[in-house]
Amino acid sequence: MGFDGARLHQKVFETRFLYWADRLGYLVAGEFPDWGIDLSNASARDALLDEWITILRRDFNHPSIIIWTPFNERDIDADNYACIEFIRRVVRITKVIDPTRLVIDCSGWTHVSEEIDIYDVHDYEQNPEQFKNHYIDLPEKSSRPLDFRPQTNLLRNMPYEGQPFIVSEYGGIWWNPLEAKPGESWGYGERPKTIEEYIARYKALTESLLFNRSISGFCYTQLYDIEQETNGLYTFDRKPKVDPKIIWSINRQKACIEEGSRGNVN
Amino acid sequence: MNIPRPEHPRPDFERKTWINLNGEWQFEIDNAKSGLEKGWCSGKDFSRKIIVPFPPESTLSGIGEKDFMESVWYRRFFSFPDKWLDGRILLHFGAVDYKATVWVNGYLAGVHKGGYSPFTFDITELVKPGDNELVVWAQDDCRSRLQPTGKQSHRLKSYGCLYTRVTGIWQTVWLEATPRQYINYFKVVAEPSDGSVFMELEVKGDGGKYTISAEIYDEGKLVADAQTSLLKPLSHIHMNVSDVHLWSPEDPHLYKLLLKLTSEDGSVDEVSSYIGFREIRSSENKILLNNQVRFLRLVLDQGYYPDGV
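Those sequence lines, one after another, are chains A and B. Under my numbering, the residues of the first sequence are numbered 1 to 266, in order. Under my numbering, the residues of the second sequence are numbered 267 to 575, in order.
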C-alpha cells in the first residue's frame with residue numbers, strides 16, 4: 001500500500017519480525033508497551049526501565065529500526081514530578097545506550113524531555129479541512145505547546161523547538177462493510193457511507209500531511225482491524241478492505257519536505 | 267509431531283548447534299496460585315496439553331481460554347547429544363509474560379521478570395545425559411499496574427483499544443550448545459560515510475586466552491576481516507568495507523557477518539549474523555536517512571493475530 005515501515009505499537013515484536021524488516025527494507029519505530037504501568041510507583045518504574053534496557057540491547061543491531069519510543073500517550077498530572085523526571089531519565093538512558101537512533105519520549109503526548117529528536121502528535125480529527133488547519137501555520141519554534149488534545153487540566157506538551165514534526169497517529173477511519181454483528185465495533189469519527197467516501201477521506205487527510213512543507217512524516221492508524229477495533233486498511237484476517245493500489249498511489253506522492261514539488265516517489 | 271515456528275528465532279545471532287523446544291508441553295492453570303506449595307516444580311504430571319509457543323488464550327495453543335490466568339505451569343522433557351556436555355548448554359526463552367520461574371530436573375535454573383524481553387539460563391550444571399525435566403511457572407497479573415501490559419485488556423473482555431491478553435510463553439523456547447567459552451553478545455555500528463564497522467563483543471565462560479575474528483561477506487565474497495586477542499571484559503574490533511553498499515528501504519542491502527572465537531583449549535565458537543550500513547539523523551526540522559531528506563510513510567502495527575493473539 002505504499003508504506004515504508006511501521007510504528008510497532010505497544011508491543012516488542014519478535015526478533016524474526018525485525019529480521020524480515022532488515023531483509024525487506026521496512027523502517028521500524030520501536031516502542032515499549034508501557035501501558036498498564038503506574039509510573040507513580042517506584043517498583044513499577046524499576047520494572048519498566050530494566051526491561052527497556054534489555055530490549056535496547058536485544059535490538060541494537062537491526063538497521064531497520066530508526067526510532068525508539070519508550071512511552072505512548074501518557075496523561076500526567078502537572079505536579080507529578082516523579083513521573084516527569086522518570087520519563088526524562090528514560091530518554092537520557094536510551095540515548096546513552098543507543099546514540100545512533102532518534103528518540104521520542106511519549107508518542108503523541110505528553111512531551112516532557114528537551115532531548116527528543118522528533119516532536120510528534122496524535123490527531124484523530126476526521127474533517128480534512130480542520131485537520132489541515134491544525135498544521136497550516138506550523139511554526140519553526142513555538143513558545144506554546146503544540147497539543148491537539150481537548151482542553152485538559154493535565155500537563156500539556158512542552159514547547160516545540162523546531163525538531164522534525166510527525167503526525168504519528170491519525171485517521172483510524174471506521175470501515176467495516178462486512179461486519180457480522182453491527183454495532184459491536186468501532187473506529188474514529190463517523191463511519192463513511194461508501195467506499196468512495198472512505199477513500200476520499202483517507203486521501204484528503206493524508207495529502208494534508210504530505211503537502212505541508214513543515215511535516216516530516218505520518219503514521220496511519222492502522223494496518224489491520226483488531227477484534228472490536230475496525231479501522232484497519234485490512235481486516236483482522238489480513239484481507240484488504242480497499243484496493244491496495246489506490247492507497248499506494250496516494251501514499252507515494254512526493255511530500256513537500258522531500259522537494260517542494262508534487263510528483264511520485266518510488 | 268511437527269514443531270510450530272521451527273525456524274531459528276535469532277537470525278541476528280545464530281549458532282548451528284541448537285534444538286527447538288516448541289511443540290506439545292504439559293500445562294496447568296493454577297487459579298489458586300498454590301502450585302509451588304504443592305510441589306509442582308518437579309515430578310508432577312500436568313493434566314492438559316498446550317502447543318508452545320502460542321499463549322493459552324489463542325486457538326493455536328489448543329487451550330483457547332481467555333479469562334485472567336495469573337498463574338500457569340508448563341512441563342516437558344528434553345534431551346540433547348551427549349557431546350554437548352563438553353561445553354555449555356544454554357536454555358533460551360524468546361518471551362514469557364510476565365514473571366517466569368524455571369526448574370530443570372527440580373533445580374531452580376532462574377527467574378526472569380518482563381513479558382516482552384528475552385532471557386537465557388546456563389543449565390550446564392543442572393542437566394544429565396538422556397531425559398531432562400523442564401518446568402516453567404509463569405505469573406502474570408495484568409491488573410496489578412506494576413507490570414507493562416501494552417494493549418492487553420484489564421477487563422474480562424476486550425474493549426476500546428485494548429484486546430485479548432497474552433499469558434505465559436509466547437515466543438520460541440530453545441536449547442543451544444556452546445564451547446565452555448563463548449561469545450555472549452555483540453553490538454555493531456556500521457557507518458555509511460566511510461564503511462567503518464565498529465564492534466563491541468562480550469565473552470563469557472572459562473577457556474583461557476582467546477582470539478576473536480570477524481569476517482564480513484558480500485554475496486559470498488569476503489570484503490573485510492579483523493581480529494583481536496586482547497583479554498578485556500569487552501573486546502573491540504574495527505573493520506573497513508570499501509565501496510560500501512548502503513541499506514535503505516529501496517535497496518535493503520545486507521552483508522553477512524561471521525564471528526569466530528578460538529580459545530586456548532582448542533574450542534571454536536561460531537556465530538553468524540548480518541549488518542546493514544545506514545544512518546538516521548535529524549537536521550533542523552528534517553529527518554535524514556543516509557543523508558537524504560526522508561518523509562516517513564508509516565502505518566500502525568500492533569502485532570495481533572486472529573489465531574495466535
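Cβ coordinates follow ideal geometry from the N, Cα and C atoms, glycine included. Note that this is a predicted model, so its numbers are computed, not measured.
Check                                                                                                                                                                      : Outcome
Apart from the five residues on each side of it in sequence, which residues of its chain come closer than 6 Å, Cβ to Cβ, to S261 (chain A)?                                : In this predicted model, S261 (chain A) has a pLDDT of only 43, less than 50, meaning its place in the structure is not dependable; the value taken from the coordinates is given anyway. Closer than 6 Å at the Cβ level, and outside the excluded window around S261 (chain A), lies no residue.
Looking only at its own chain, which residues have a Cβ that is under 6 Å from the Cβ of R191 (chain A), when we skip the five neighbours before and after it?             : W174
Under 8 Å between C-beta atoms, does D567 (chain B) make it to chain A?                                                                                                    : yes
Taking only beta-carbon atoms, is V455 (chain B) less than 8 Å away from chain A?                                                                                          : yes
Rounded to whole angstroms, what's the CA-CA distance from L566 (chain B) to L8 (chain A)? Just pull it up for me.                                                         : 7 Å
Am I right that Y382 (chain B) and P33 (chain A) are in contact with their C-beta atoms under 8 Å? What's the rounded C-beta distance?                                     : 6 Å
Can a CB atom of chain B be found closer than 8 Å to the CB of S261 (chain A)?                                                                                             : Confidence at S261 (chain A) is low in this model, with a pLDDT of 43, below 50, so the placement of that residue should be treated as unreliable; the coordinate-derived value is given next. Judged by the 8 Å Cβ criterion, S261 (chain A) is not in contact with chain B.
Counting contacts by CB-CB distance shorter than 8 Å, is L524 (chain B) in contact with chain A?                                                                           : no
If K203 (chain A) and I250 (chain A) are in contact, beta carbons under 8 Å, what's the gap, nearest whole angstrom?                                                       : 5 Å
Please list, in chain order, all residues of the same chain as S97 (chain A) whose beta carbon is under 8 Å from its beta carbon, the five residues on each side excluded. : The sequence given here places Ile at residue 97 (chain A); Ser does not occur at that position. Excluding positions up to five away in sequence, the list reads I53, L56, R57, F60.
Please report the distance separating the alpha-carbon of D120 (chain A) from that of R74 (chain A).                                                                       : 13 Å
Among B:V432, B:G396, B:S538, B:L554, which residue has its Cα nearest to the Cα of E331 (chain B)?                                                                        : B:V432
Grab the span of the beta strand (DSSP E) containing K487 (chain B) for me, first residue to last.                                                                         : 487-494
Report yes or no: is there a C-beta of chain D within less than 8 Å of the C-beta of F334 (chain B)?                                                                       : No chain D is present in this structure, whose protein chains are A and B.
Does Y483 (chain B) come within less than 8 Å of chain A when only Cβ atoms are used?                                                                                      : no
Listed in chain order, which residues of the segment 419-432 of chain B have Cβ atoms closer than 8 Å to some Cβ of chain A?                                               : H420, S424, Y425, G426, C427, Y429, T430
Quick one, are the C-beta atoms of Q151 (chain A) and S548 (chain B) less than 8 Å apart?                                                                                  : no
Quick one: measure Cβ to Cβ for T367 (chain B) and W403 (chain B), integer angstroms, because I've assumed they're closer than 8 Å.                                        : 4 Å
Among B:V463, B:D397, B:N371, B:K379, which has the Cα closest to the Cα of E576 (chain B)?                                                                                : Residue 576 (chain B) is absent from the model: chain B starts at 267 and stops at 575.
For E14 (chain A) versus G360 (chain B), is the C-beta spacing smaller than 8 Å?                                                                                           : yes
Apart from the five residues just before and just after D397 (chain B), which ones in its own chain have a Cβ nearer than 8 Å to its Cβ?                                   : F343, F344, S345
Can the beta-carbon of V510 (chain B) be found less than 8 Å from the beta-carbon of P458 (chain B)?                                                                       : yes
Just to make sure I have the definition right: I need the residues of chain B whose C-beta is within less than 7 Å of the C-beta of S43 (chain A). Which are they?         : L412
Considering Cα atoms alone, identify which of B:R354, B:V489, B:W436, B:P499 is closest to P319 (chain B).                                                                 : B:W436
Any beta carbon from chain A within less than 8 Å of R281 (chain B)'s own beta carbon?                                                                                     : no
Name, please, each residue of chain A whose Cβ falls closer than 8 Å to the Cβ of C408 (chain B).                                                                          : G36
Short check: CB of N450 (chain B) to CB of V463 (chain B), under 8 Å?                                                                                                      : no
Spell out whether any CB of chain A is found under 8 Å from the CB atom of P499 (chain B).                                                                                 : no
List the residues that DSSP assigns as beta-bridge partners of K552 (chain B).                                                                                             : B:S549
So, with DSSP's three-state summary, where would you put V96 (chain A)?                                                                                                    : helix
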